Amino acid sequence: MITIGTSTGEQHQYPSVWLRDNCQCPKCFNTTMQSRTVDWKYFDINIKPTHVMAEENQLKLVWNDGHESDYDLNWLLERSFTENVRKEWMKQHYPMTRISWGTVDFNKILKKYDFNDILNSDATLLDWLENIATYGIALIDNTPPQEDQLRRVADRVGFIRRTQYGEEYMVKHQPGTSNLAYTSGNLQMHTDLPYYDYKPGINMLHCLVQTEGTGGENQVTDAMHVAEKLKREKPEVYKVLTETPVEWCDIGQESGYSFHSLYRTPVILNDSNGDFLRADYSQQQRDSHFSVPLDQVIPWYEAHAAFTEELYNPENTVYFKLKEREILVFDNIRLLHGRKGYEDKPSNTRHLVGSYVDWDVAYSRIRVLRKKLRGHIRSHLSSTPVQKCT
1 MITIGTSTGE QHQYPSVWLR DNCQCPKCFN TTMQSRTVDW KYFDINIKPT
51 HVMAEENQLK LVWNDGHESD YDLNWLLERS FTENVRKEWM KQHYPMTRIS
101 WGTVDFNKIL KKYDFNDILN SDATLLDWLE NIATYGIALI DNTPPQEDQL
151 RRVADRVGFI RRTQYGEEYM VKHQPGTSNL AYTSGNLQMH TDLPYYDYKP
201 GINMLHCLVQ TEGTGGENQV TDAMHVAEKL KREKPEVYKV LTETPVEWCD
251 IGQESGYSFH SLYRTPVILN DSNGDFLRAD YSQQQRDSHF SVPLDQVIPW
301 YEAHAAFTEE LYNPENTVYF KLKEREILVF DNIRLLHGRK GYEDKPSNTR
351 HLVGSYVDWD VAYSRIRVLR KKLRGHIRSH LSSTPVQKCT
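Below, the structure written as structure tokens:
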């Protein structure tokens, strides 16, 4: 164990095996590829240093196999195993803290961005992505009225997520369709593609033509907010929704491609800490096969009814009508969305374009932009003088 002591009195310990595994010399690490190249087939996990030297902000180690390693001390401090440094790094690099909301909060959290600002300003792009990551929803306005504009937004983030419905899909009444979204009827609250193991994370809907009559309003509910409420007030319902797996299914054909997508997962999925991670919910795409023991069926239906009631509770859900040239952007694994039915006219056919971007791609972009705009994310310890290494 190597200990680095700072002028503030802090002690930072590093296991020898970690130091050797992370040797930064050209034989062990490729700086061009930013990849470790040390061959673990020949790695000795019991390796020990025979010499430890600190000079000119460098830690120099000679190992008992003769190998020599040099480390920048600031680099080491940024990778300290102390709790505060670990938390700081996790906060800066992993998904942001999400803030749930109900109807009363909606107008406060909904931000609108200009299309050209998204395309031309990295600062606006970063703010937009961070806002979606935090609240799960945002609007873009002043979008050109062409079908290919979502691709321009996706390209600013990274790239489009292709699904069995293509890279861009047209949301309008299509006779003979196998998808309820392509009708003019009422569309119940749902998440898109719950029958996928790796679900698209960010959903984008570009309004080209809005119905001039009644109907066509979008509906959204923060499933995270609903889940937190159930966890507090009806823990037995929450438990059933997080533990009972459901079959989600989509069978059909799109552009000559036949598909049978199927995935099994609970309505609410928690992370390793027991907190809300994502929701899977779609009445129209829940399969009739329900592969659970008989005694779990009725309790699940009761829990499902309680969840659905909260989704449509006026305290939790909001309705609004997208304007032409607006893009609704939302977190597809967190927000549930629906639509009121409408009636097309020969002179007025409602037409939206949809597309997806993965959260992995979006978070990659967030990290790149943070580094570009805010500088390298360094620990506050990086500027702390080192007094000794032992």
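Residue numbers are given in full-length UniProt numbering: position 156 of the sequence shown equals residue 156, and the series is strictly consecutive. All residues carry an ideal CB built from backbone N, CA and C; glycine is no exception. Being a predicted model, the structure only gives us computed values, none of them experimental.
Can you give me the C-alpha to C-alpha distance between residue i and residue j, rounded to a whole angstrom?
i: Thr97; j: Arg334; result: 13 Å
i: Leu381; j: Trp75; result: Note that Leu381 scores a pLDDT of 48, beneath 50, so its modelled location is shaky; the value from the coordinates is reported in the next line. If you take the alpha carbons of Leu381 and Trp75, they lie about 10 Å apart.
i: Tyr342; j: Phe159; result: 32 Å
i: Gln285; j: Gln146; result: 30 Å
i: Asp192; j: Thr163; result: 11 Å
i: Tyr169; j: Phe307; result: 29 Å
i: Glu326; j: Thr265; result: 33 Å
i: Leu125; j: Ile118; result: 5 Å
i: Pro245; j: Leu277; result: 15 Å
i: Ser383; j: Lys372; result: Model confidence at Ser383 stands at a pLDDT of 49, short of 50, so the residue's coordinates are unreliable and nothing is read from them.
i: His260; j: Glu217; result: 30 Å
i: Lys323; j: Gln210; result: 7 Å
i: Asp344; j: Tyr319; result: 20 Å
i: Tyr198; j: Thr242; result: 18 Å
i: Ser379; j: Leu73; result: Reliability of the predicted coordinates at Ser379 is poor, the pLDDT of 49 falling under 50, and the value obtained from them is presented with this limitation in mind. Whole-angstrom Cα-Cα distance: 12 Å.
i: Arg249; j: Tyr196; result: Per the sequence presented here, residue 249 reads as Cys, with Arg not at that position. Roughly 9 Å between the two C-alpha positions.
i: His190; j: Pro235; result: 22 Å
i: Met53; j: Lys60; result: 5 Å
i: Val17; j: Trp63; result: 11 Å
i: residue 414; j: Ala154; result: Any property of residue 414 remains undetermined from this structure, which presents the chain solely from 1 to 390.
i: Gly185; j: Thr214; result: 12 Å
i: Tyr363; j: Ile137; result: 15 Å
i: Thr31; j: Val267; result: 44 Å
i: Cys28; j: Arg156; result: 35 Å
i: Cys23; j: His67; result: 10 Å
i: Gln283; j: Lys87; result: 39 Å
i: Asp122; j: Arg365; result: 10 Å
i: Arg232; j: Ala303; result: 14 Å
i: Lys48; j: Asn57; result: 22 Å
i: Trp40; j: Cys25; result: 16 Å
i: Val2; j: Pro15; result: The question names Val, but residue 2 is Ile in the sequence shown. Cα-Cα distance, rounded: 6 Å.
i: Val292; j: Asp275; result: 24 Å
i: Tyr182; j: Leu150; result: 18 Å
i: Leu262; j: Glu247; result: 7 Å
Counting along the chain, where does the beta strand (DSSP E) carrying residue i start and finish?
i: Lys60; result: 58-63
i: Tyr195; result: Counting along the chain, Tyr195 falls outside any beta strand (DSSP E), and DSSP gives it neither H nor E.
i: Glu1; result: Checking the displayed sequence, the identity of residue 1 turns out to be Met instead of Glu. No beta strand (DSSP E) contains Met1, which DSSP labels as neither H nor E.
Which stretch, first to last residue, makes up the alpha helix (DSSP H) that contains residue i?
i: Arg365; result: 359-374
Just list the residues that DSSP pairs residue i with in beta bridges.
i: Gly338; result: Gln219
i: Glu254; result: Tyr257
i: His352; result: The displayed chain sequence assigns Leu, not His, to residue 352. BP columns for Leu352 point to Val171, Cys207.
i: Phe320; result: Asn218
i: Met53; result: Lys60
i: Phe330; result: Ile137, Asn203
i: Asp345; result: Note that residue 345 corresponds to Lys in the displayed sequence, not to Asp. Answer by DSSP bridge pairing, in chain order: Asn348.
i: Leu187; result: Arg339
*Which full runs of the beta strand (DSSP E) of 3+ residues lie inside the stretch 139-180, going along the chain?*
Within the stretch 139-180, the complete beta strand (DSSP E) runs of at least 3 residues are 169-171.
_As an exercise, report each continuous beta strand (DSSP E) stretch of at least 3 residues that is fully enclosed by the stretch 61-141, in chain order._
Counting whole runs of 3 or more residues, the stretch 61-141 contains the beta strand (DSSP E) stretches 68-72, 112-114, 137-141.
_Continuous alpha helix (DSSP H) assignments of at least 4 residues falling wholly in the stretch 7-50_ = Entirely contained in the stretch 7-50, the alpha helix (DSSP H) runs reaching 4 residues are, in chain order, 16-21.
_Stretch-stretch touch, CB-based, cutoff 8 Å, three pairs: the stretch 321-335 with the stretch 213-228_ = With a cut-off of 8 Å, the stretch 213-228 and the stretch 321-335 count as touching, because enough Cβ pairs lie within range.
*Along the chain, which unbroken stretches of the beta strand (DSSP E) at least 3 residues long are found entirely within the stretch 235-304?*
Those beta strand (DSSP E) runs which fall completely within the stretch 235-304 and span 3+ residues are 246-254, 257-265, 268-270, 276-279.
*Is the stretch 130-141 touching the stretch 93-108 in the sense that three or more CB pairs, one from each, lie closer than 8 Å?*
At 8 Å Cβ cutoff, the stretches touch.
*At least 3 beta-carbon pairs within less than 8 Å: the stretch 287-295 vs the stretch 201-217*: Contact fails: fewer than three Cβ-Cβ distances are below 8 Å.
_For the structure I just gave you, are there three or more beta carbon pairs, one from the stretch 97-107 and one from the stretch 291-310, closer than 8 Å?_
Put simply, the stretch 97-107 does not touch the stretch 291-310. Fewer than three CB pairs are less than 8 Å apart.
*Decide if the stretch 252-259 is in contact with the stretch 308-317; the criterion is three or more beta carbon pairs, one per stretch, under 8 Å apart.*
At 8 Å Cβ cutoff, the stretches do not touch.
*Taking one C-beta from the stretch 4-20 and one from the stretch 77-85 each time, how about it: are there three or more such pairs within less than 8 Å?*
A contact between stretches requires three or more CB pairs, one per stretch, nearer than 8 Å, and the stretch 4-20 meets this requirement with the stretch 77-85.
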